[in-house]
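J.: Numbering (the numbering used here), first residue to last: -10 to 210.
Heads up, the beta-carbon is just placed ideally off N, CA and C, and yes, glycines get one too.
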Amino acid sequence: MLIEKLGFETTDKVVIFHIDDVGFSHSSNIATFECLDFGVASCGSVIVPAPWFLETTSICKKQPSYDMGVHLTLTCEYDLYRWRALSSVDPKTGLLDSERSLWRTAEEAIANINPKAAEIELRTQVQTALASGIDITHIDTHMGTVMDPKFLPFYLKIAREFKVVAFLPRISREILKAAGLGNLADVYLKMFDKIEESGIPILDHMIIDTMGDSPNKTDYY
């Protein structure tokens, strides 16, 4: 079992504290690397098209031991704080909204982006991170967009191509229904069965925490 290969017992519960959206802003970079330095988190992933990506690369080059991945993105959800595709400005790719930025929602991205254009953009983000000097260890996805069956094969293909881990949370029919994807449950479950059979590691649970206060946080955990 994978857990034994990592040096743990089969009965151990192993938790990864991961920070995404690195490179989003100067303040998020400060917070990220303080957490990594103090051991609050063990790894993170950078949004390559984001405005403060270059600061992230500068920090990672000075301290190559940081466990940094690429937070693959086909979306930019903010009203006035936008980023664009790296691979193309051609409207025919479907990568861009009317403001020539990435789509604000996963639903819009899935509906509009040409699959081949998505693959090229995702690969370009990984290549850009590597060219900048970040020795990336993994990939994951901003807003879960590339988990859609339309893009998931490219996500796995890129992980194999660059020999990095692709973060994949385990899913269930109940989770998909709660996310409004019940109509795609059979497709998702069949795909994930094949993924697990191939030996690709899957995270048993994924809990998202913004570090903000919540009256139900104790119950949530």
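Please work out which residues of its chain come closer than 6 angstroms, Cβ to Cβ, to Ser76, disregarding the five sequence neighbours upstream and downstream, and give them in chain order.
T.: In the sequence shown, counting from the first residue as 1, residue 76 sits at position 87. The residues Ile109, Glu110, Thr113, in chain order, have a CB closer than 6 angstroms to that of Ser76 in the same chain once the five nearest residues on each side in sequence are set aside.
J.: With a threshold of 16 other CB atoms inside 10 Å of the CB of Leu(-5), please say whether the residue is buried or exposed.
T.: As a working mapping, residue -5 is identified with position 6 in the sequence shown. The residue is exposed, with fewer than 16 neighbouring Cβ atoms inside 10 Å.
J.: Taking Val11 as part of the beta strand (DSSP E), name the residues at either end of that continuous run.
T.: Position 22 of the sequence shown, counting from 1, holds the residue named residue 11. From DSSP, the beta strand (DSSP E) with Val11 extends over 7 to 11.
J.: Mapping DSSP to helix, strand and coil, what is Cys49?
T.: The residue labelled residue 49 in the question sits at position 60 within the sequence shown. Residue state, collapsed to three classes: helix.
J.: What residues are listed by DSSP as bridge partners for Asp175?
T.: Residue mapping note: residue 175 aligns to position 186 of the sequence shown, counting from 1. DSSP lists no partner for Asp175.
J.: Below 8 angstroms, can you find three or more Cβ-Cβ pairs linking the segment 31 to 45 to the segment 12 to 19?
T.: Taking 8 angstroms as the limit for Cβ pairs, the verdict is that the segment 12 to 19 does touch the segment 31 to 45.
J.: Confirm, please, whether the CB-CB distance from Ile128 to Val78 is below 8 angstroms.
T.: For this step, residue 78 is matched to residue 89 along the sequence shown. For this step, residue 128 is matched to residue 139 along the sequence shown. It is not a contact, given that the beta carbons lie outside the stated cut-off.
J.: Please go through the same chain and pick out, in chain order, the residues whose beta-carbon is closer than 8 angstroms to the beta-carbon of Gly122, but skip the five residues on each side of it.
T.: Along the sequence shown, one-based indexing puts residue 122 at 133. Cβ within range, chain order: Thr46, Cys49, Lys50.
J.: For Ile19, report the span of its alpha helix (DSSP H) as first-last.
T.: Here residue 19 corresponds to residue number 30 of the sequence shown, with the count starting at 1. Segment 15 to 27, the alpha helix (DSSP H) holding Ile19.
J.: For Ala95, which of Ser34, Thr126, Thr130 has the nearest alpha-carbon?
T.: For this step, residue 95 is matched to residue 106 along the sequence shown. Here the closest residue by C-alpha is Thr130.
J.: Closest by CA to Thr134, which one among Leu178, Ile196, Glu66?
T.: For the purposes of this step, residue 134 is taken as residue 145 along the sequence shown, with counting starting at 1. Thr134 has its Cα closest to that of Glu66, out of Leu178, Ile196, Glu66.
J.: Just verifying my parser: in three-state terms, what is the DSSP assignment at Val3?
T.: Against the sequence shown, residue 3 aligns to sequence position 14. Of the three classes helix, strand and coil, the one that applies to Val3 here is coil, per DSSP.
J.: If we count the other Cβ atoms within 10 Å of its Cβ and call it buried at 16 or more, is Met57 buried or exposed?
T.: On the sequence shown, position 68 is the one that residue 57 refers to. So Met57 counts as buried.
J.: Which class does Thr130 belong to by DSSP, given the choice of helix, strand or coil?
T.: Within the sequence shown, numbered from 1, the residue matching residue 130 stands at position 141. Reduced to three states, the DSSP call for Thr130 is strand.
J.: Thinking C-alpha only, which one of Ala148, Ala106, Asn103, Met180 is nearest Ile125?
T.: For the purposes of this step, residue 125 is identified with residue 136 of the sequence shown, where counting begins at 1. Measuring from the Cα of Ile125, the nearest candidate turns out to be Ala148.
J.: Write down the C-beta distance between Ile189 and Leu157 rounded to the nearest angstrom, noting that I regard them as a contact closer than 8 angstroms.
T.: Locating residue 189 in the sequence shown gives position 200, counting from the first residue. Locating residue 157 in the sequence shown gives position 168, counting from the first residue. Approximately 7 angstroms separates the beta-carbon atoms of Ile189 and Leu157; this is inside 8 angstroms, confirming the contact.
J.: Who are the near neighbours of Met(-10) in its chain, counting only those whose CB is closer than 7 angstroms to its CB and skipping five residues on each side?
T.: Indexing the sequence shown from 1 puts residue -10 at position 1. The residues are Thr(-1).
J.: Buried or exposed: Asp9, going by 16 or more other Cβ atoms within 10 Å of its Cβ?
T.: In the sequence shown, the residue the question calls residue 9 occupies position 20. Buried.
J.: Determine the extent of the beta strand (DSSP E) in which Ser34 is found, giving its start and end residues.
T.: In the sequence shown, residue 34 corresponds to position 45, counting from 1. Taken as a continuous stretch (DSSP letters only), the beta strand (DSSP E) holding Ser34 covers 32 to 35.
J.: Can you round the beta-carbon distance between Ala155 and Leu165 to whole angstroms, since I take them to be within the 8 angstroms contact cut?
T.: Numbered from 1 along the sequence shown, position 166 holds the residue referred to as residue 155. Numbered from 1 along the sequence shown, position 176 holds the residue referred to as residue 165. With a Cβ gap of about 19 angstroms, Ala155 and Leu165 do not count as contacting.
J.: Report the CB separation of Leu61 from Ala74 in whole angstroms; it is logged as a contact under 8 angstroms.
T.: Indexing the sequence shown from 1 puts residue 61 at position 72. Indexing the sequence shown from 1 puts residue 74 at position 85. Rounded, the Cβ-Cβ distance is 12 angstroms, inconsistent with contact.
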